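J.:
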Amino acid sequence: MNGEEKEIPFGWTAANIEVVSSELISGSGFPKEYQGDSSGEFPFAKVGDISKAFRAKQKCIDSANHFISEEVREEIKAKIFPKGTIVFPKIGEALKGNYRLVTSREMLFDNNVMGIVPNTKIISADFLFYFLNTQDLGKFSVATAVPSVRRGDVAAIQMLLPPINEQHRIVAKIEELFSELDKGIENLKTARAQLKVYRQALLKHAFEGKLTAQWRAENQDKLETADTLLKRIQQERTQRHQQQLADWEATGKQGSKPKALKPLPPLTQEELTELPEGWIALCVENLCDIEDGDRGEHYPTKGDFSDSGYCLFLNAKNVTKRGFAFQENSFISEQKHLALRKGTLKRGDIVFTSRGTLGNIAHYNDAIKYEHVRINSGMFLIRNYDVSLTPDFLYYHLNAPIITRQIEKLQSGTAQPQLPIREFKSFRFVIPGKEEQQQIVQELEAKLSEADQLDQTITTALQQAEALRQSILKKAFSGQLVPQDPHDEPASKLLARIKAERTDIAAKPRKNVSTKFIKET
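Per my numbering, residue 106 is the first one in the sequence shown, and the count goes up by one each step.
#1: What are the residues that DSSP puts in a beta bridge with F436?
#2: May I have the straight-line CA-CA distance separating G401 from F498, to the nearest angstrom?
#3: Which residue marks the beginning of the alpha helix (DSSP H) containing P194, and which one marks its end?
#4: Hey, how far is the Cα of I113 from the Cα of L600?
#5: With distances taken from CA atoms, which of S435, R427, I455, K514 is nearest N489?
#6: Quick check on DSSP: helix, strand or coil for F622?
#7: Between which residues of its own chain and M106 is the CB-CB distance below 6 Å, once the five residues before and five after are set aside?
#8: Are the Cβ atoms of R256 and V247 separated by less than 8 Å?
#9: Go through the stretch 545–584 residue by residue and report every complete run of the beta strand (DSSP E) that reaches 3 residues or more, in order.
#10: In the DSSP output, what is Q163 paired with across the bridge?
#11: Compute the beta-carbon to beta-carbon distance between Y415 and E439, rounded to the nearest angstrom, for a pair I have assumed lies under 8 Å.
#12: Going by other Cβ atoms of all chains shown within 10 Å of its Cβ, with 16 needed for buried, is V329 buried or exposed?
#13: Since P537 contacts G289 with CB under 8 Å, what's their CB separation in whole angstroms?
#14: What does DSSP give as the partner residue(s) for S531 in the beta ladder?
#15: Where does G360 sit, in a helix, a strand or coil, going by DSSP?
#16: What do you reckon, are the CB atoms on G134 and F186 nearer than 8 Å?
#17: Excluding sequence positions up to five away, which residues of its chain have a Cβ less than 7 Å from the Cβ of K624?
#18: Under 6 Å Cβ to Cβ from L307, same chain only, skipping five residues before and after it: list those, please.
#19: Name, in chain order, the residues that DSSP records as bridge partners for F172.
#20: Roughly how far, in whole angstroms, is the beta-carbon of S459 from the beta-carbon of L524, given that I think they are within contact range, below 8 Å?
#21: Using a Cβ-Cβ cut-off of 8 Å, state whether R533 counts as contacting chain C.
#22: Run through the stretch 251–314 for me and flag every whole alpha helix (DSSP H) of 4 or more residues, listed as ranges in chain order.
#23: Could you tell me the distance, in whole angstroms, from the CA atom of A260 to the CA atom of G145?
#24: Whole-angstrom Cβ separation of T210 and K188, contact assumed at under 8 Å?
#25: Which term fits K137, buried or exposed, when burial requires 16 or more other beta carbons within 10 angstroms of its beta carbon?
#26: What residues in its chain sit with their C-beta under 7 Å from that of H273, if we drop five residues either side in the sequence?
#27: Starting from P223, trace the beta strand (DSSP E) both ways and give me its first and last residue.
#28: According to DSSP, simplified to helix, strand and coil, what is G629?
#29: Hey, is the stretch 175–184 in contact with the stretch 117–134, meaning 3+ C-beta pairs nearer than 8 Å?
#30: List the whole-angstrom C-beta distance separating I275 from L586, where the pair is believed to meet the contact cut-off of C-beta under 8 Å.
#31: When the distance is taken between beta carbons, is N203 closer than 8 Å to D241?
#32: With a threshold of 8 Å, are at least 3 pairs of Cβ atoms found where one atom belongs to the stretch 333–349 and the other to the stretch 296–303?
#33: Apply the 10 Å Cβ neighbour rule to N292 and answer buried if 16 or more other Cβ atoms are within range, or exposed otherwise.
#34: Tell me whether the beta-carbon of D412 lies closer than 8 Å to the beta-carbon of F436.
#35: What do you get for H592, buried or exposed, if any count of 16 or more other CB atoms within 10 angstroms of its CB means buried?
#36: Enumerate, from N- to C-terminal direction, the unbroken alpha helix (DSSP H) stretches of 4 or more residues contained entirely within the stretch 365–402.
Have a look at this one:
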């Protein structure tokens with residue numbers, strides 16, 4: 106079956122979907138003029154309705170965004186999907202998602218949907234539903250621009266069929282085990298959500314001074330006053346600026362002349378009273394150089410990119426909440442790289458995304474193998490940060506709630522959120538002395554490492570849960586999940602009944618009319 110022989114358990118028989126179904130139905134066209142009604146005898150569902158219910162972890166579907174009357178149904182000749190029909194998308198990317206649902210009432214579906222009406226004298230609807238969850242219909246998709254599955258492909262799917270009583274026992278056991286599994290998965294997901302909150306709480310406390318409160322109390326001799334720290338930062342900034350001027354002059358004054366330094370603002374009374382002892386607050390532009398990507402006339406176009414080349418050109422996919430990701434890389438030539446004025450990374454730079462997903466951060470350090478790297482116009486690079494700031498402290502600070510709150514407040518744009526560079530330069534940083542910065546980083550790395558290990562444990566457990574789900578289904582449909590009952594119908598009678606049912610279906614093809622309206626008549 107399906108290219109491999111399967112051992113048939115005692116009392117079971119081989120079958121295919123054609124054999125165990127009363128009908129395989131394809132959906133109907135749904136003219137726009139009949140769409141939009143929220144009441145009527147029949148829900149008329151589209152693939153989007155199936156996807157929505159599936160993502161909501163529903164097994165059954167009984168509603169849709171559109172309804173029509175029986176009169177309209179007859180007019181457009183829409184086929185009825187009876188209660189208990191297993192439905193799934195038959196075309197497009199949704200086919201690959203392997204969505205499966207059972208109708209819990211008579212419904213209509215558009216022509217992108219297929220349904221299997223189980224012959225309940227032969228097979229339990231739930232048994233067939235769970236079996237179909239073991240099948241990847243995406244592999245049957247016709248090799249065209251739009252993937253699709255044909256009726257014949259579905260009809261030919263092979264299965265092993267137990268007696269009807271055993272089917273019911275198998276379904277009951279599947280649902281019992283799945284219920285326990287779902288509770289465990291929910292607990293794991295809750296734990297993961299709590300870990301996320303814990304990480305943010307750690308970062309919040311770190312930059313409020315709470316994480317190192319005890320350290321300060323025990324190390325008073327190592328603390329600078331806020332005024333001393335401010336003066337030292339001013340002195341270091343001046344020395345750095347003088348070096349930049351000297352370098353600029355040594356190169357024959359190539360490029361832009363380093364901008365004159367603005368004096369650091371004095372500490373406010375509010376900062377002196379609200380910040381921990383020895384801490385100060387300064388704007389980003391007072392602490393480092395900020396540069397965005399080049400947007401000029403030489404900015405690369407689609408044809409300038411390739412899968413390999415001289416310079417890695419970073420895009421939004423390459424910068425995540427956890428640093429750089431290099432799975433999908435784009436490169437530009439040396440000529441194109443040299444034509445751009447801004448955005449070339451130097452070792453030590455920090456990259457900060459400023460468009461789309463805001464605030465993803467990565468550190469371009471010696472561990473990165475690429476020698477020539479450039480950012481696109483949706484990022485900032487943070488460079489020449491004050492020597493009073495350690496790179497790791499700055500990295501964690503940019504990830505902390507004190508910064509994310511400012512992003513939420515100052516970002517502009519709707520369809521694609523953006524953070525203007527002038528706004529980013531105004532972000533406020535809180536800064537302790539260098540020794541306390543190192544202590545903060547040490548505390549964060551120890552505690553976040555523990556959280557990461559627990560997160561990985563949860564990830565592994567979730568993967569194992571999904572593997573267990575598949576193992577349960579595999580056992581169910583190979584006769585290993587529940588014990589057999591000697592009083593169940595023997596295979597010979599099951600086969601005879603299947604043949605009788607198939608003969609009856611062939612002689613009396615089903616007429617697609619609502620059972621509700623038959624009863625009323």
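Ideal Cβ positions, reconstructed from N, Cα and C, are used throughout, including at glycine.
This structure is a prediction, so every number in the text was calculated from the model and none was measured.
T.: Checking against the coordinates, here is how it stands:
#1: S411, L417
#2: 33 Å
#3: Looking at the DSSP string, P194 is not in any alpha helix (DSSP H); the run it does join, the beta strand (DSSP E), is 191–194.
#4: 14 Å
#5: I455
#6: Bear in mind that a pLDDT of 36 at F622, under 50, signals an unreliable position, so the model cannot answer this.
#7: Bear in mind that a pLDDT of 45 at M106, under 50, signals an unreliable position, so the model cannot answer this.
#8: no
#9: none
#10: Note: Q163 sits in no beta bridge, so no partner.
#11: 4 Å
#12: The amino acid occupying residue 329 in the given sequence is Glu; Val does not appear at that position. Burial call: buried.
#13: With 8 Å as the limit, P537 and G289 do not qualify as a contact, their Cβ atoms being about 43 Å apart.
#14: According to DSSP, S531 bridges with nothing at all.
#15: coil
#16: no
#17: Annotation note: pLDDT 37 at K624 (below 50); position unreliable, no value reported.
#18: K552
#19: P148
#20: 4 Å
#21: Protein chain content of the structure displayed is limited to a single chain, and chain C is not contained in it.
#22: 256–260, 269–311
#23: 32 Å
#24: Per the sequence shown, the amino acid found at residue 210 is Arg instead of Thr. With 8 Å as the limit, R210 and K188 qualify as a contact, their Cβ atoms being about 5 Å apart.
#25: exposed
#26: S229
#27: 218–223
#28: Any question about residue 629 goes unanswered here, given that the chain covers just 106 to 626.
#29: yes
#30: 6 Å
#31: yes
#32: no
#33: exposed
#34: yes
#35: exposed
#36: 374–379
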